[in-house]
Amino acid sequence: MNEEITMKISDAQSTNDKQTVKGAKTMPASAIGKLPPNGNPLVAHKFGADPYALVFGDRVYLYMTNDILEFDAEGNVKDNTYGHINKISVISSDDLVNWTDHGVIIAAGPQGAAKWATQSWAPAIAHKVIDGQDKFFLYFANNASGIGVLTSDSPTGPWIDPINRPLILRSTPGVEAVTWLFDPAVLVDDDGHAYLYFGGGVPEGEYEMPNTARVMQLGEDMVSVIDRAAVIPAPFMFENAGINKYNNKYYYTYCSNFYDGERSAGSPPAGQIAYMISDNPMGPWTYAGTILKNPGHFFGVGGNNHHAIFQFHHNWYIAYHAQTLSKAMGIPKGYRSTHLNQVFFQEDGSIQEVIANYEGVEHVKLLDPYTRVQAETMAWNAGINVAAIGAAGDEQSQPYSMAVTDIHDGDWIAVSSVDFGDGASSFSASVASANGGGVIELRLDHPEGKRIGTVNVPGTNGWESWTDVKTEIMEADGVHSLFFVFGGESGQHLFNLESWQFNK
């Protein structure tokens, strides 16, 4: 029987990265895919594809297709079919190096907000103030057959389907000839008008000018459309709409197709992110070049190219996916992870070519350890999982919290750019354990770095029976990476970690 199985990343390894010493305590587990001090991929405890960014408050939220491992009847990881994906993964950051896992939005399927949909791919999100209230609009593709929309009062939900049907479908005026109705992007312009960009695919023999990209004005309510969709004449169009406004110009970005025949001079090469510029959000558009080569050029594993460009703290960035985590796991079978690199606009309005890498971007602020930090805020990790707590099995219809779970001896998490200032005196954490608990070793700059404290975690008679544990801290000042190294009985789920904080 072929079935989808969700499992933590470390369980899919072909080798055991934890090594025992004299049969006693396990040494720290090895990181997979994201190695300190690298910033890419952004998270390594799960996959996340087709990223789209929302900047709200002092945070950037990334919404991603929730790639999950699929297995054949013999238990071997098989190629990603995308057919089982009905959730959207959400992470956020206020510094671009430490990322908080907000879990998943159950968008489609019998338990989803949009029960008419079977899949949820390639999300796009917008924020708009309506009647004095913050409203969030999450657009997603139901495979390649239509686009739906969910709404919420918060960037992390809960979410509802306000129209209980697709927003864009085959009968929508102007989309009849679009091969794939998917990959939305959304722009709320300075005047309050909003526009939806979508489409893709290559009709037979029309590789050079597929004419399958579309733009359509949204209604004031953001959940209706106005008039007809207009064609965006994107050369060698394949998929992945993107839209940004810079210096009063509109930048439409997309992934070029993989036609292997001859291309005319100035055309985008295969599988690259190309862009067009206009003075109007509906066009006309002028082709301007490419900005990001295919991931295979940088990481040795290719696939499709999907991106989103956004501005944060006066700088511009591009989020894109690559199969780097799955490659590190030995299963480069279409499972994708989001990366981040900086974007630079030239004085003439052109975009400098982006060099994708593992290093990522610099932090835009330091992490304050003297405020409560959610444990699922991480720069790096090994062995752990993250799960929803307090949702009573219903993550869709009510708010819920997250925690680091599935903690075993030798597992660890870490945060980057922690500013201890003149020094910390104590540490506390919220923990729960249905077993005998364990210990948390607090170490600087490395899983085996200088130990500044050890916390004993007791059993609490339940995985969500939370208690605070404390310890004194020695010689922690200045700016460091901070590693939480977990220890306890080998082979046992030790405890869950919900949040932590230092005190001066």
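Be aware that the sequence shown starts at 1, since it is given in the UniProt record's numbering, and climbs by one per residue.
Even glycine gets a Cβ: it sits at the ideal position worked out from N, Cα and C.
As the structure is a computational prediction, the values presented were derived from the model and not from experiment.
Pull the bridge partners of Tyr-250 from the DSSP assignment, please. Lys-245 and Ser-278
In whole angstroms, what is the alpha-carbon distance linking His-84 and Val-455? 41 Å
Under the three-state DSSP convention, the category His-84 falls into: coil
Out of curiosity, what's the CA-to-CA distance linking Leu-494 and Asn-435? 6 Å
Is it right to say Arg-372 is buried, meaning 16 or more other beta carbons lie within 10 angstroms of its own, or is it exposed? exposed
On the DSSP bridge list, what partners appear for Glu-74? None, per the DSSP bridge assignment.
Return the CA-CA distance between Gly-488 and Asn-305, expressed in angstroms with no decimal places. 42 Å
What residue range does the alpha helix (DSSP H) around Phe-298 cover? 295-299 is the extent of the alpha helix (DSSP H) around Phe-298.
Would you check if the distance between the CB atom of Pro-162 and the CB atom of Tyr-52 is smaller than 8 Å? no
Could you name the residues that DSSP lists as bridge partners for Phe-137? Ala-126 and Thr-151
List the endpoints of the continuous beta strand (DSSP E) containing Thr-454. 450-457
Taking only the alpha-carbon atoms, compute the straight-line gap between Glu-220 and Ala-194 and give it to the nearest angstrom. 8 Å
Identify every run of the beta strand (DSSP E) within the segment 304-370, keeping only runs that are complete inside it and at least 3 residues long; order them along the chain. 307-312, 315-322 and 337-343
How many Å lie between Ile-413 and Ala-379 at the Cα? About 8 Å.
Simplified DSSP assignment, three categories, for Glu-498: strand
In chain order, what residues of the same chain have a beta carbon less than 6 Å from the beta carbon of Gly-491, not counting five sequence neighbours either side? none
Residue 513, enclosing beta strand (DSSP E) - first and last residue: Lying outside 1 to 504, the shown extent of the chain, residue 513 is not represented and no answer is given.
Just to confirm the assignment, what range does the beta strand (DSSP E) spanning Lys-470 have? 462-472
Go through its chain and collect everything with a Cβ distance to Gly-453's Cβ below 7 Å, but skip five positions before and after it. Phe-427, Leu-442, Thr-471, Glu-472, Ile-473 and Met-474
Give me whichever residues DSSP pairs with Met-402 in a beta bridge. Ala-388
Residues that DSSP places opposite Trp-99 in a beta bridge: Met-378
Please name the residue in Phe-140, Phe-236, Val-364 and Gln-272 whose C-alpha comes closest to that of His-321. Out of Phe-140, Phe-236, Val-364 and Gln-272, Gln-272 has the C-alpha closest to the C-alpha of His-321.
Taking 8 Å as the threshold, find out whether the segment 94-101 comes into contact with the segment 362-372 through three or more Cβ pairs. yes
First and last residue of the uninterrupted beta strand (DSSP E) at Glu-441: Residues 438-444.
Could you tell me which of Tyr-335, Gly-330, Leu-325 and His-314 sits nearest to Asp-58, measuring between CA atoms? His-314
Residues bridged to Asn-503 by DSSP? Ser-426
Val-90 and Phe-310: beta carbons closer than 8 Å? no
Measuring CA to CA, which of Ser-264, Phe-198, Ala-429 and Pro-158 is closest to Met-209? Ser-264
How should Tyr-250 be labelled, buried or exposed, when 16 other C-beta atoms within 10 angstroms of its C-beta is the threshold for buried? buried
Considering just the uninterrupted stretch of the beta strand (DSSP E) at Leu-196, what are its terminal residues? 194-199
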